[in-house]
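For reference, the structure discussed in these notes is given below.
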Amino acid sequence: MPTARALLLVGACLVSCSHLVLAQDVAVPTDQTRQRPAIGFYRWQEDWSVLADPRLRTEPGDALKYISLSKTNPKSYLSFGVTLRERFVSVDPALFGVVGGHRQDYLLHRLEFHADAHLTDNTRIFVQLENALAPGLAKPSPVDANKLDLRLFFLDTQADVDGGLFKLRVGRQEIAFDLQRFVSVRDGPNVRQAYDAVWADYERGGWRFTGFASQPVQYRNQSDFDDYSNSHLTFGGIRAQRRITATSELSISLSDFRQDNAHFLAGSGNEERQNVDVHYNGSANGFDWDIEGMKQGGSIGAKDVDAWAFGSLTGFTFGDVSWSPRLGIQLDAASGDRNLSDGQVGTFNPLFPNGYYETLSGYTGYTNFIHLKPSLTLTPMQDVKLEGAVGALWRQTTHDAIYAQPDIPVPGTAGEPGRRSSTYGQLQLNWKATRSLAFGMEFDRYFVAPALHRAGGHDSDYFGAEVRWGW
């Protein structure tokens with residue numbers, strides 16, 4: 014853990030010694046409505062230019078949150094930041110124990126350090142380093158542990174074009190859409206997903222058009238700075254979004270996913286998938302909804318691809334009732350292959366899924382399944398949320414396997430009778446204590462159905478407790 018300790022010492026030194034660093038004060042008009050930004054899920058989206066007003070620099074380390082790069086432009090500045098996540102995990106073996114193993118207790122440690130240089134009003138460079146460790150976990154995978162590496166490094170710029178705003182971002186960056194069902198930054202595990210990409214979008218009126226081409230980063234945990242990307246795994250597409258009302262939006266995306274030497278139960282070879290995705294989300298009068306469907310075509314080796322998926326999250330919040338209860342219902346489905354020996358692959362590929370969309374346990378993959386999950390969410394105090402849910406899972410077809418995250422087939426389940434795969438209960442508690450500190454806990458209990466019992470699986474538990482801190 015020397016690298017992680019070194020980074021922690023550097024971050025602590027920067028914060029504790031920041032009073033020695035003098036930022037160039039820039040005279041700016043006082044705006045009483047301007048506030049410090051909260052520490053965000055995407056650190057590169059934070060705007061610390063509010064600290065150009067020295068009266069707002071009220072916390073330790075503020076001298077390093079805003080270092081002026083111009084005597085006349087408060088939007089030109091350098092900002093440093095640190096993000097730390099520590100999660101304790103206690104979980105039964107993967108794949109419900111079908112392949113053996115034992116319960117494990119371990120820690121997921123993730124430390125990130127970034128620098129954000131706003132060169133002008135419209136151009137900046139962002140760089141972030143990451144160190145992820147998994148002490149106590151036997152045989153950690155590349156998504157569990159990663160030695161010191163370059164997580165993000167990009168340049169972005171923007172300009173007013175024909176009454177709209179054009180943005181261009183080039184380099185190692187994050188790409189995610191909507192609820193991140195199929196394109197995500199994979200925050201659930203320890204190593205977030207990044208993409209070496211060119212990204213452009215244009216916003217005008219209620220429209221937004223996006224295009225991107227990327228080589229998703231592939232992770233290794235052998236030495237420092239050994240992550241890579243290449244042409245053997247590519248992902249690109251175009252997307253159009255339209256704001257329908259002030260609280261609702263519709264989008265359609267066309268994307269192309271290519272992966273060499275892919276392996277599915279129904280076939281192997283170079284994989285090419287063309288994806289059409291339609292997404293609609295919004296809220297009105299206490300109701301909220303998020304609905305998405307994806308159709309996949311293409312090929313895997315000599316076989317054609319014909320697959321699909323659907324996801325829906327809807328709910329109603331009783332805003333005038335104590336604790337603001339929200340009743341929710343989640344319905345998801347994804348195709349499986351109905352004949353593993355014919356010339357077609359019907360198994361849906363969830364691409365870059367958000368694992369915690371179902372649960373943090375990793376027992377449920379977005380492939381060959383039907384998922385029904387009613388839930389109740391309570392807000393007993395400001396910034397505290399408590400959620401309880403029960404999920405029921407079936408296979409879309411028994412000819413294909415039961416799948417775990419992200420799309421791993423459970424051995425001995427393909428072609429076996431019994432569509433029902435499992436039922437689970439879920440409890441979540443999340444507390445955003447301050448702008449920079451948050452806590453979370455989750456407990457999942459899975460009850461396996463006969464199809465998994467016959468394969469050697471057993472009921473399985475997951476417990477996770479985490480703290481997130483950012484500066």
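The opening residue of the sequence shown carries number 14 in my numbering; numbering runs sequentially from there. Yeah, the Cβ is synthetic: ideal placement off N, Cα and C, and Gly gets one too.
When you compare only the Cα positions, how much space is there between residue i and residue j?
i, j, result
"Tyr-370", "Arg-194", "7 Å"
"Ser-348", "Ala-253", "25 Å"
"Glu-400", "Ala-151", "31 Å"
"Gly-53", "Leu-353", "44 Å"
"Thr-170", "Lys-88", "13 Å"
"Trp-302", "Lys-84", "47 Å"
"Asp-44", "Arg-408", "Residue placement at Asp-44 cannot be trusted, given a pLDDT of 47 that sits under 50; the coordinates are not used to answer."
"Asn-234", "Phe-277", "25 Å"
"Gly-177", "Pro-338", "40 Å"
"Ile-313", "Trp-61", "47 Å"
"Thr-426", "Trp-444", "39 Å"
"Pro-8", "Arg-433", "Outside the modelled stretch of the chain, which goes from 14 to 484, sits residue 8, for which no answer is possible."
"Pro-419", "Ala-107", "12 Å"
"Glu-284", "Ser-268", "14 Å"
"Ser-236", "Trp-220", "44 Å"
Please work out which residues of its chain come closer than 7 Å, Cβ to Cβ, to residue i, disregarding the five sequence neighbours upstream and downstream, and give them in chain order.
i, result
"Leu-340", "Gly-328, Phe-329, Leu-389"
"Ala-172", "Asn-135, Phe-179"
"Ala-130", "Leu-91, Arg-137, Ile-138"
"Tyr-55", "Glu-187"
"Ala-189", "Val-196, Ser-197, Val-198"
"Phe-167", "Phe-139, Arg-182, Val-183, Gly-184, Arg-185, Gln-186"
Taking the CB atoms as reference points, tell me whether residue i and residue j lie closer together than 8 Å.
i, j, result
"Tyr-379", "Val-104", "no"
"Gly-149", "Asp-200", "no"
"Leu-142", "Phe-126", "yes"
"Lys-308", "Val-289", "yes"
"Val-198", "Glu-187", "yes"
"Ala-417", "Tyr-376", "yes"
"Pro-424", "Ala-468", "yes"
"Phe-93", "Leu-82", "no"
"Gly-74", "Trp-484", "yes"
Among the residues of its own chain, which have a CB less than 8 Å from the CB of residue i, if the five just before and after it don't count?
i, result
"Leu-246", "Gln-228, Pro-229, Gln-231, Arg-271, Gln-272, Asp-273"
"Trp-321", "Gly-306, Met-307, Lys-308, Gln-309, Ala-347, Ser-348, Phe-361"
"Thr-133", "Asn-86, Lys-88, Ser-89"
"Gly-299", "Phe-329, Thr-330, Phe-331, Gly-332"
"Asn-381", "Ala-347, Ser-348, Gly-349, Asp-350, Thr-360, Phe-361, Arg-408, Gln-409, Thr-410, Asp-413, Ala-414, Ile-415, Tyr-416"
Kindly list the residues whose CB is nearer than 6 Å to the CB of residue i, restricted to its own chain and excluding five residues on each side of it in sequence; keep chain order.
i, result
"Phe-323", "Gly-306, Ala-346"
"Glu-455", "Leu-373, Gln-441, Gly-477"
"Val-204", "Ala-145, Val-156, Asn-159, Tyr-232"
"Glu-429", "Ala-464"
"Ala-128", "Phe-93, Val-140"
"Ile-251", "Gly-224, Leu-267"
"Ser-325", "Ile-304, Leu-344"
Using DSSP bridges, identify the partner residues of residue i.
i, result
"Glu-371", "Per DSSP, none; premise fails for Glu-371."
"Phe-361", "Partner(s): none; Phe-361 has no beta bridge."
"Asn-294", "Glu-262, Asp-303"
"Asp-269", "Gly-249, Gln-287"
"Thr-390", "Arg-339, Glu-400"
Next item on the list: Only counting runs of 3 or more residues, tell me where the beta strand (DSSP E) segments fall wholly within the region 66-153, in order along the chain.
Entry: 90-104, 117-131, 136-146
Checklist line | Complete alpha helix (DSSP H) runs within the region 408-475 (minimum length 4 residues, chain order) | finding: 463-468
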